[in-house]
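Engineer:
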Amino acid sequence: MTQSADLKTVTRCAPRTPPFAVGFVGFSGAGKTTLATRVASILAARGLKVSALKDAHHGVDLDKPGKDTYRYREAGAAEVILRTAERYAILVETPETVSLDELLARVRPDADMVVVEGFKHEGDFPKIELLRGEAADAVASGRRTPLYPTDERIVAVAVDRPFTPVREAVDVLDANDPQAVADYCLKLRAAREAR
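Position one of the sequence shown corresponds to residue 9 (the numbering used here), numbered consecutively onward.
Right, dumping it as structure tokens:
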């Protein structure tokens with residue numbers, strides 16, 4: 009059985025509705041991490057339990073050669089769980105990229121909201137596209153095409169300058185006002201819960 013199949017088996021054991029997720033997408037350098045972490049901080053300060061998922065396009069190794077967890081992985085352990093007094097980490101070896109849906113299924117069940125950064129082409133939840141700085145300049149000059157006109161999951165664009173969207177069904181947010189973006193995320197969550 010593959011690691012991905014193992015993960016599916018684990019998540020299938022306890023079917024549940026995953027927590028509400030909102031995505032932050034955009035080109036590199038647009039400020040996704042800056043805005044998403046500020047929004048997560050604001051939501052946490054309001055008493056919500058926030059989880060975060062980030063897609064990395066480059067290799068990241070959270071482990072170090074010689075450490076015990078590394079030695080377990082080298083020995084062939086499919087999953088290594090490390091616990092300290094303050095936190096725990098689960099390191100899972102996967103032969104292929106794990107889908108966003110599989111990752112969302114592993115989010116803690118008591119999370120009120122999941123802030124998802126990246127995953128431009130995955131996930132069936134509302135997303136906010138960031139168009140600011142060099143990314144906005146590239147779109148304005150025609151060097152890059154924004155994502156939102158062809159992706160109905162993008163319900164808003166966060167910008168740092170005057171902006172008129174080419175698709176009417178998209179909201180425009182101030183990328184420099186994380187409080188307003190956090191309020192918008194809560195509005196999206198309330199709309200989902202009302203359904």
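From the three backbone atoms N, C-alpha and C, an ideal C-beta is built for every residue, glycine too. Just so it is clear, the structure is predicted and the values come from calculations on it, not from any experiment.
Start and end of the alpha helix (DSSP H) containing Lys128?
Structural biologist: Run containing Lys128: none; DSSP gives neither H nor E here.
Engineer: Count the other CB atoms within 10 Å of the CB of Ala177; is the residue buried (16 or more) or exposed (fewer)?
Structural biologist: When all chains shown are included, Ala177 counts as exposed.
Engineer: When we look at the beta-carbon of Arg6 and count the other beta-carbons within 10 Å, is it buried (16 or more) or exposed?
Structural biologist: With the chain represented from 9 up to 203, any question about residue 6 goes unanswered, as that position is not in the structure.
Engineer: Could you tell me whether the Cβ atoms of Leu90 and Thr102 are closer together than 7 angstroms?
Structural biologist: No, Cβ-Cβ distance for Leu90 and Thr102 is not below 7 angstroms.
Engineer: How big is the Cα-Cα spacing for Phe32 and Val124?
Structural biologist: So the alpha carbons of these two residues sit roughly 6 angstroms apart.
Engineer: Does the beta carbon of Arg203 fall short of 6 angstroms from some heavy atom of the ligand HEM?
Structural biologist: Looking at this structure, you won't find the ligand HEM or any other ligand, since it has none at all.
Engineer: Considering only the alpha carbon of each residue, which of Gly126, Ala119, Ile98, Asp63 lies closest to Phe28?
Structural biologist: For the residues Gly126, Ala119, Ile98, Asp63, the minimum Cα distance to Phe28 belongs to Ala119.
Engineer: Going by DSSP, what residue range makes up the beta strand (DSSP E) through Val58?
Structural biologist: Its beta strand (DSSP E) spans residues 58–62.
Engineer: Cutting at 7 angstroms between CB atoms, please list the residues of its own chain near Val88, excluding the five before and the five after it.
Structural biologist: These residues qualify, in order along the chain: Thr77, Tyr80, Arg81, Leu99.
Engineer: Taking the runs of the alpha helix (DSSP H) that are 4 residues or longer, which of them lie wholly in the segment 65–127?
Structural biologist: DSSP runs (the alpha helix (DSSP H)) wholly in the segment 65–127: 76–82, 108–114.
Engineer: Quick one: any contact between the segment 180–194 and the segment 35–48, if contact means 3 or more CB pairs under 8 angstroms?
Structural biologist: Flag = yes, the segment 180–194 and the segment 35–48 touch.
Engineer: Hey, Val163 and Pro134: beta-carbon distance below 7 angstroms or not?
Structural biologist: Yes, the Cβ-Cβ distance between Val163 and Pro134 is below 7 angstroms.
Engineer: Taking the C-alpha atoms as reference points, what is the distance between Ala64 and Arg200?
Structural biologist: One C-alpha to the other measures close to 28 angstroms.
Engineer: Span of the beta strand (DSSP E) holding Gly34?
Structural biologist: Where Gly34 is concerned, the enclosing beta strand (DSSP E) stretches over 28–34.
Engineer: Are the beta-carbon atoms belonging to Leu108 and Gly131 less than 7 angstroms from one another?
Structural biologist: The answer is yes: Cβ separation under 7 angstroms.
Engineer: Quick check on the DSSP output: the alpha helix (DSSP H) that includes Val189 runs from which residue to which?
Structural biologist: Segment 186–202, the alpha helix (DSSP H) holding Val189.
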